[in-house]
Each structure stands twice: as C-alpha cells, then as structure tokens.
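Okay, structure first, notes after.
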Amino acid sequence: MRFISIFDLARGDIDEILKSAAVLKEERRRGSRRRGDLEGRILALIFEKPSTRTRISFEVAMLELGGDVISLNWNELQLGRGERIKETAEVLSAYLDAVMIRAYAHTTIDEFARYASIPVINGLSDLEHPCQTLADLMTIKEYKKNLSGIKVAWVGDGNNVCNSLIGGCALMGMEVSIACPEGYEPAEQVIRRAEAMGAVIHISEDVKEAVTDADVIYTDVWVSMGDEADRARREEALRDYQVNESVVDMAKEDAIVMHCMPVHVGEELTEEVLNSEKAVILEQAENRLHAQKALLLKLLKL
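Residue numbers for the sequence shown follow my numbering, beginning at 37 and rising by one.
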C-alpha cells in the first residue's frame, strides 16, 4: 500500500486511522509511550526540503512503536550524481520496510512509489501533504465530534495543504469553502476528483462568503517552500486574506482556527488569533505524531 495522496485512502481507512490515533494519543498521555508493534521494522525518511514537524513526528512515531528509523537528506543519495529513481527505489526496497519522502515535485514521489515494493509515504510535495490532513481530520473530530456536515473555510493560498484537505473533507462528507485571490486556486485535478465524489466545494475571492457559518477556519503561509523568489507578488496578492479577529467573528461562535505551521505571525495569522482560545494549532501539530503512528501501524503491522 502506498500513501502518496489522501485519495489513496477510502473513508473506512481514515475512520480506522483516526480511531487508532485516538487510542495511541490516550495511551501516551497516560505515560505509555513504548510499544513493540513495529519491532524489527525500518523506516527511512528522505528529505529534499527542510522539515521540523514531519521529521521529528515520524522519527518519534517509529521509535515509540518499537521500530528503527534512518533520516537522510536528498543530497546524501546518489540521485544527485545521476542515478535514476528506479534503481534507488528498487535497492531501498531490499533494505527497508517503508520510506517517507519529502520532495519538491509530486512526480518524484510518485515515480519512486511506482518502482518500490515497500510502502511509500508522501511527507509533502508541491501537490499534496496527506499526512497533515490525517492530523487535521483528527483534530477536527476531537473538537467537533462528527466530521460529516462540518464546514471548513480555507483562507489564502490554495496550496498543497489545501489540496489534501479538500480530498480529506470530500472523503469524510465535509463541506469546503475557499477564499483565495485569482490565480491562487487549489489544483483543478483535486477539485474535479473531489466533486466527482459528491463533495461540495465553493471557491471565491470573498473571505466573508467563505467564512460565514464555518465550523473551522484554516490558513497557511503566503510563501511556501520553493516560492521564495515570488515573495513580493504573493504578499501583495494575499494581504487581504489574513485571518484576524474580524475574520474569526464571521464564523460560527464555536469555530476553531487551524494552521499546519510554521506560522508567520502578522502575515496570514495575527498574534491575537494565534493566542486565542479558538486556535487549536498546537494540538493539531501534536496530532501529527498520533495520526502518523496509526498510519505506520496500518502500513507495516502484520
């Protein structure tokens, strides 16, 4: 089984992962961190792009489940010297039990998975961030109890995190309303696939239209990794898409505010909202660990 896209999972798979993640989280909070489920299993983490939460949460997850983990930068592999992805994937499949890859191009991870005979996990690409979506759904479920019928409002750049969130919401029967400037819409292929599943997806340039009656407000950085050269244009285009107290007041009274981190305070999110009771961002970040533990168990446990 591979986990390259959130669409690689069915609704039942996500339900199973979220249920398992909740149990693992409760066990850890009671002080039971170590399990032997994945003893003897080895996971490699390969990073073409920098990482804080993805790297540490996967390392801790694998270690606490009894497995071993190897972390590598992309430039430590022979790929930079001309070796093809095909041979790299085939050889690593002989050494490892699973590999997680964070890459600039989604096609890189997809090609690796095509030749690998072990599970391949997308740790972030330019198209999707499906591991983040598992943590997001877990967090929403914790605060809203049921996922079906929940309205999620996305404010800002329709980026990779937004793409995976759309897919996750579509799978779980949730509504998504997106406010973004022209030219910053989510990937058309993601929208088409979600709508083919019967999902309700609204896209407009109007923040109020998107956020009104929302149960969840979600935002992300204006300048993603790899877009730094375009910073000035992006900041100009997205300056009216800040989640501040006025925007939060447009949503339901019990709405929560989410962000996948890192937060650029004063840009996409204000200090006041970040420090408010509505912000569940730290809980969301913690849930990366629990959701990825549950994912690893599903992929690797016999």
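Glycine is no exception: its CB is placed at the ideal position from the N, C-alpha and C atoms. Every value quoted in this text rests on a predicted model; they were computed, and no experiment measured them.
Should residue i be labelled buried (16 or more other beta-carbon atoms within 10 Å of its own) or exposed?
i	result
N182	exposed
P86	exposed
A321	buried
M294	buried
T88	exposed
K337	exposed
M210	buried
My output table needs one value for residue i: the three-state DSSP class, helix, strand or coil.
i	result
L207	helix
W258	coil
S93	helix
A215	strand
K180	helix
R69	coil
Thinking C-beta only, is residue j closer than 9 Å to residue i?
i	j	result
E95	L108	no
A103	L318	Ala is not the amino acid found at residue 103; the sequence shown has Gly there. No. Outside cutoff.
S260	D172	no
R47	L170	no
M345	A250	Outside the shown range of the chain (37 to 338) lies residue 345, about which nothing can therefore be said.
G116	I137	no
Within the same chain, show all residues whose beta-carbon is closer than 8 Å to that of residue i, passing over the 5 residues directly before and after it, in chain order.
i	result
A246	A189, W190, V191, S213, I214, A215, H238, S240
In chain order, what residues of the same chain lie with their CB nearer than 7 Å to the CB of residue i, ignoring the 5 residues before and after it?
i	result
L54	L173, M174, K177
In chain order, what residues of the same chain lie with their CB nearer than 6 Å to the CB of residue i, ignoring the 5 residues before and after it?
i	result
K122	Y151
R77	G103, D133, L336
Got a sec: does the ligand PLP put a non-hydrogen atom nearer than 8 Å to the Cβ of residue i?
i	result
Q278	Absence of the ligand PLP is noted for the structure shown, with no ligands found whatsoever.
Q | the segment 294–312 / the segment 277–284 touching (three or more Cβ pairs under 8 Å) | A | With the cut-off at 8 Å, the segment 294–312 and the segment 277–284 touch.
Q) Is the segment 47–61 touching the segment 326–333, taking contact as three or more C-beta pairs under 8 Å? A) Touching, yes.
(Q) Across the segment 161–172 and the segment 112–126, are there enough close Cβ pairs to call them in contact, namely three or more that are closer than 8 Å? (A) No, because fewer than three Cβ pairs between the segment 161–172 and the segment 112–126 fall closer than 8 Å, the two stretches do not touch.
Q: Say whether the segment 220–232 touches the segment 248–256, bearing in mind that this needs 3 or more beta-carbon pairs closer than 8 Å, one atom from each stretch.
A: No, they do not touch.
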